[in-house]
Amino acid sequence: MKHFTKLAAATLLAGVTAGAAVAQELYVPNLSYRTGPFAATGIPLMNGQADYMTMLNARDGGVGGAMLNFEECETGYSTEKGVECYEKTKGEAIVTQPWSTGITLQVLPKTNVDEIPILAPGYGFSPMANGKTFQWAFNAPAGYWDAADMIVQYLEGQGSLDGKKIAFLHLDHPYGKEPIPVLETLAEAKGFEMVPIPVGLKEMQNQSAQWLQIRRERPDYVVMWGWGAMNAGAITEAVKTKFPMENFIGVWWAGHDADLRIVGEDGKGYKSISWSFPNPDAPVMAAIKEHVVDTGKTKSNPEEMSGVFYSRGIIISAILAEGIAAAQAEYGTPEITAAQLRWGLENINMTEERISELGLDGMVPPFSTSCANHTGHSGGWMLEWDGEKFVKASDLLTANVAGYQDLIDEKAGEYAEANAPWPTNDSCDAMN
Amino acid sequence: MLYRTSGQFKTSYQADQALFPVRQDAFLLGIILILAWVVFPLTASEFTFQAILIPVLIFSLASLGLNILTGFAGQLSLGTGAFMGVGAYACYKMVTLMPWMNPIVAILLSGVFSAGVGVLFGIPSLRIKGFYLAIATLAAQFFLVWLFEKWAWLYNYNASGAIQVPNLDIFGLYVAGPLASSTTQYYVVLVVVTLLTLLCINLTRGNLGRTWKATRDMDIAAELIGINLLKSKLLAFAVSSYVVGVAGALYVFLWKGAAEPNVFDIPLSFQVLFIAIIGGLGSILGNYLGAILIVGLPVVLNLLPALLGIPIDSAMVEHLNIMIVGGLIVFFLIVEPHGLAQLWRLIREKLIIWPFPH
């Protein structure tokens, strides 16, 4: 009993001191998914995000003098838990990071009312690039349509695509269907044939039917929009059916080291487009080692930290921190509000110099956002699995956004119409 | 003492057949209704509305629908999630094709579509029973979710394949969509749930309810005393699917705001089935108790560590939560296999005869 009283007193004290420390703090929650069917891919991303924020707090005392309260709210990728977490955090949060396409779709219409920016780096609804319509949503540094365009560009670099056949293996889910409009336009323009092959959520682990179809169709390339267990399923199945790995390309969420490590040497040549790259020599990694790993504050491990997903987590947090810093500079206060952060995220300018100032050398391509452009269209590198790890297989590719800017605006317009009354930010036109 | 029924004489058949013949029951219900209609809306935060009150009510309604079919008519169904989906998609199509339509009317009408689909999938129940019927309804589950994915007309050819709730208003007051306030949404859900509960209580007490119970207890005997099994079973499917469909429309329109086809997949059916089983099959009250345990309790448990100031990871809380709720389910099923409603029934009986148990 005595022990219990002591414990209770200690927790009370901890609570009180924590309350006192709130003075200058920015609440930047993350709707994490360390549990559930997608946990394997979630954990490295969440660890990367959390470690970067912990490092900033330990090294610089947060951003601009305000500590970052990077609290996680576990959703397990479930949309129901997503509602719960969003409602729980939105009161004080200056940003929401929904992390699942389903949760993003639920939260997106509410942001105009609640006025909280959504940060969905590299995922979510591609037309979010249109900042005039989606004032509160950001999917910097690159969206799915950028990915589709860059993959096709890369393939074109391997030889003309005229008369070629590309199988599009995708999760039969809003996320997997996302790039189809752009791939269709590109197919028409470049003269290749696109064969969509959907993988149902229940078939993720057993794709023998899909790969049988791929064998029958004999495509020149397979482009994959997979997530979670689907990636490992597809990669092992490709190895089993002896599909030439160098003609197999995934989106950035299909480039998880652990999925490839299952097949190891057999997966050699598999590619994945990416806007992030793990650079173990980057100064930020040393800083994380010094302030987070050595002080025992990380949940990660060296193997995970060398992977693509962990470094992507770092980049995502760095983008958020840049947005915060930009807003602080503009408004001259460390304690920014959600609306001020929105301005900050609209005015990120990640130049080469800034990237190396942050110690992120070679980990992210330069990009900048604006009022009208909430994606930034950073471009990306084609990464290739060399049997042990991912290496860069191309120079920086940049998406030809002009090819689908009309499509972005059209789909954004449709969305606004379906959700009328939907306020748009008309001041954007003047600035561009 | 508190629950003494002595002295409450019934002098007419009408009084004897009242919904709540015992005064204390009516009194308790009155308190609950005052809480639900006045106290909660005045005091609840937006989080309480969105994470606890609205989902508990919606899941209670879905479970109520399933309970009519499984608990009262004895037809096991694993297709609840898909029938909820039919309601949601029907409602979505109605409000997008006919934007002038009153959203509450649309929600109530959407149940008609799921009732139709329910009857269709209920036809095999005339020949197959028990677990075999469960498999047939499972087929409905797979087929319908597949249909929601493939039939692009259902989601208006939306590129993402998901349905999004537009802003819907009644005379200028937004009731659904992002602009609707949580209080309004809560009241709409509460009105619909109260109405349908009242309807179901009366249905199950009347002629139809007795027919269903006879069918459940022994269908051959029921047939011999002149009950038309075709009518009885199909009506059970129709009423049940209607209620479930309305619950599905509420689920998307007044709570989630957007849905992709896979939210209507088997896990949702199981969740509703568990609520019905833990609450108590063949009871109305049980649905509410079950929904509080399965939907409401995890949310409250998630808040506890932060309230107590215990520094613990969110993922860890989630793991603990799953274990605690799972443990409680096992505990309640061991203590009272007939569900929480039976537990309450026993407590109430003990209270009535207290302090002189036989």
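First to last, the sequence lines map onto chains A and B.
Residues in the first sequence are numbered from 2 upward in steps of one, following my numbering.
Residues in the second sequence are numbered from 32 upward in steps of one, following my numbering.
Ideal placement from N, C-alpha and C gives every residue a C-beta, glycine not left out.
Supposed contact pair residue j and residue i - C-beta distance, whole angstroms, cut 8 Å
i: B:Ser-272; j: B:Ala-137; result: Their Cβ separation, rounded to whole angstroms, is 17 Å, which puts B:Ser-272 and B:Ala-137 out of contact at 8 Å.
i: B:Leu-403; j: B:Ile-232; result: Because residue 403 of chain B is not part of the residues shown, which for chain B are 32 to 389, the question remains open.
i: B:Phe-179; j: B:Gly-116; result: 6 Å
i: A:Leu-156; j: A:Val-200; result: With a Cβ gap of about 21 Å, A:Leu-156 and A:Val-200 do not count as contacting.
i: A:Leu-1; j: A:Pro-30; result: Limits of chain A in this structure are 2 at one end and 433 at the other, which puts residue 1 of chain A out of reach.
i: A:Ala-223; j: A:Lys-191; result: Looking at the sequence itself, residue 223 of chain A is Val, so the reference to Ala does not match. Going by Cβ atoms, the distance from A:Val-223 to A:Lys-191 rounds to 17 Å, so no, they are not a contact pair.
i: B:Glu-291; j: B:Ala-193; result: 4 Å
i: A:Ala-141; j: A:Thr-376; result: 6 Å
i: A:Thr-76; j: A:Tyr-34; result: 5 Å
i: A:Asp-267; j: A:Asn-248; result: Contact doesn't hold; Cβ gap of about 15 Å is too wide.
i: A:Leu-187; j: A:Asp-150; result: 7 Å
Own chain residues within Cβ distance below 6 Å of residue i, not counting five before or after
i: A:Thr-447; result: The displayed coordinates of chain A run from 2 to 433. Any statement about residue 447 of chain A would go beyond what the structure contains.
i: B:Gln-195; result: Ala-289
i: A:Asn-426; result: Lys-133, Gln-136
i: A:Tyr-332; result: Gln-341
i: B:Leu-265; result: Val-150, Gly-153
i: A:Gly-16; result: Confidence at A:Gly-16 is low in this model, with a pLDDT of 43, below 50, so the placement of that residue should be treated as unreliable; the coordinate-derived value is given next. Closer than 6 Å at Cβ, skipping near neighbours: no residue.
Helix, strand or coil at residue i [DSSP, three-state]
i: B:Arg-205; result: Per the sequence shown, the amino acid found at residue 205 of chain B is Tyr instead of Arg. In this structure, B:Tyr-205 counts as strand in the three-state DSSP scheme.
i: A:Trp-226; result: strand
i: A:His-378; result: coil
i: B:Val-98; result: Before going on, a small fix: residue 98 of chain B reads as Asn here, not Val. Three-state result, B:Asn-98: helix.
i: A:Lys-133; result: coil
i: A:Tyr-28; result: strand
i: B:Thr-74; result: helix
i: A:His-68; result: Correcting the residue type first, residue 68 of chain A is Met in the shown sequence and not His. A:Met-68: strand per DSSP, three-state reduction.
i: A:Gln-107; result: helix
i: B:Tyr-44; result: helix
i: A:Ile-95; result: coil
i: B:Ala-167; result: helix
i: B:Gln-39; result: coil
i: B:Gln-195; result: strand
i: A:Ile-349; result: coil
i: B:Ile-365; result: helix
i: B:Ile-85; result: helix
i: B:Ile-159; result: coil
i: A:Leu-120; result: strand
i: B:Glu-291; result: coil
i: A:Glu-354; result: helix
i: B:Asp-56; result: helix
i: B:Asp-200; result: strand
i: A:Glu-336; result: coil
i: A:Glu-73; result: strand
i: A:Ile-316; result: helix
i: B:Trp-182; result: coil
i: B:Tyr-34; result: coil
i: B:Leu-107; result: coil
7 Å Cβ shell around residue i - same chain, five flanking residues per side excluded
i: B:Leu-382; result: Leu-33, Tyr-34
i: A:Thr-237; result: Ile-263, Val-264
i: B:Asn-333; result: Val-348, Asn-352
i: A:Lys-269; result: Met-246, Trp-386, Asp-387, Gly-388
i: B:Ile-355; result: Leu-332
i: B:Ala-75; result: Leu-84
8 Å Cβ shell around residue i - same chain, five flanking residues per side excluded
i: A:Ala-22; result: Its pLDDT being 43, under 50, A:Ala-22 is placed unreliably by the model, and the measurement read from it follows with that caveat. The answer, listed in chain order, is Met-68.
Any non-hydrogen atom of the ligand PLP closer than 7 Å to residue i Cβ
i: A:Trp-226; result: This structure does not include the ligand PLP; it has no bound ligands of any sort.
Exercise for the section: Enumerate, from N- to C-terminal direction, the unbroken alpha helix (DSSP H) stretches of 4 or more residues contained entirely within the stretch 248-314 of chain A. Expected result: Listed in chain order, the complete alpha helix (DSSP H) runs (minimum 4 residues) inside the stretch 248-314 of chain A are 258-262, 284-289, 303-306.
Handout entry: Proximal residues, the stretch 31-46 of chain A versus chain B, C-beta separation under 7 Å
Key = Ser-33, Arg-35, Thr-36
Handout entry: Segments of 4+ residues assigned as alpha helix (DSSP H) that fall wholly inside the stretch 138-207 of chain A
Key = Counting whole runs of 4 or more residues, the stretch 138-207 of chain A contains the alpha helix (DSSP H) stretches 145-158, 175-178, 181-191.
Exercise for the section: Closer than 7 Å, Cβ to Cβ, to anything on chain B: give me those residues from the stretch 74-86 of chain A, in chain order. Expected result: Cys-74, Glu-75, Gly-77, Thr-80, Val-84, Glu-85
Practice task
Output, in sequence order along the chain, the residues in the stretch 182-203 of chain A whose CB is closer than 9 Å to any CB in chain B.
Solution key: Within the stretch 182-203 of chain A, the qualifying residues are Pro-182, Pro-199, Gly-201, Leu-202, Lys-203.
Practice task
Within the stretch 360-414 of chain A, note down every full beta strand (DSSP E) run reaching 3 residues or more, in order along the chain.
Solution key: 382-386, 391-393
Handout entry: Interfacial residues, the stretch 181-193 of chain B to chain A, with Cβ spacing under 7 Å
Key = Ala-190, Ser-191, Gly-192, Ala-193
Problem - chain A contacts from the stretch 68-97 of chain B (Cβ-Cβ distance under 7 Å) - result: Near chain A, meaning a CB-to-CB distance below 7 Å, the residues of the stretch 68-97 of chain B are Glu-77, Phe-78, Gln-81, Ala-82.
Exercise for the section: Can you give me, in chain order, the residues of the stretch 258-276 of chain B that have a beta carbon less than 7 Å from any beta carbon in chain A? Expected result: none
Handout entry: Selection of the stretch 119-131 of chain A by Cβ proximity to chain B, strictly under 8 Å
Key = Answer in chain order: Phe-126.
Handout entry: Interface positions of the stretch 285-299 of chain B facing chain A (Cβ-Cβ less than 8 Å), listed along the chain
Key = If the cut-off is 8 Å between Cβ atoms, the stretch 285-299 of chain B has Trp-286, Lys-287, Gly-288, Ala-289, Ala-290, Glu-291, Asn-293, Val-294, Asp-296 near chain A.
Practice task
Name, going along the chain, the residues of the stretch 199-220 of chain B whose beta-carbon falls closer than 8 Å to a beta-carbon of chain A.
Solution key: Gly-208, Pro-209, Leu-210
Handout entry: Near-chain A residues of the stretch 308-332 of chain B (beta-carbon distance less than 8 Å), N- to C-terminal order
Key = Val-330
Problem - Members of the stretch 94-108 of chain A that neighbour chain B once the beta carbon cut-off is set at 7 Å - result: Answer in chain order: Gly-103, Leu-106, Gln-107.
Problem - Start-end ranges of the alpha helix (DSSP H) lying completely within the stretch 242-271 of chain B, minimum 4 residues - result: 250-255
Exercise for the section: Scan the stretch 381-413 of chain A for residues whose Cβ lies nearer than 8 Å to a Cβ of chain B and list them as they occur along the chain. Expected result: Lys-412
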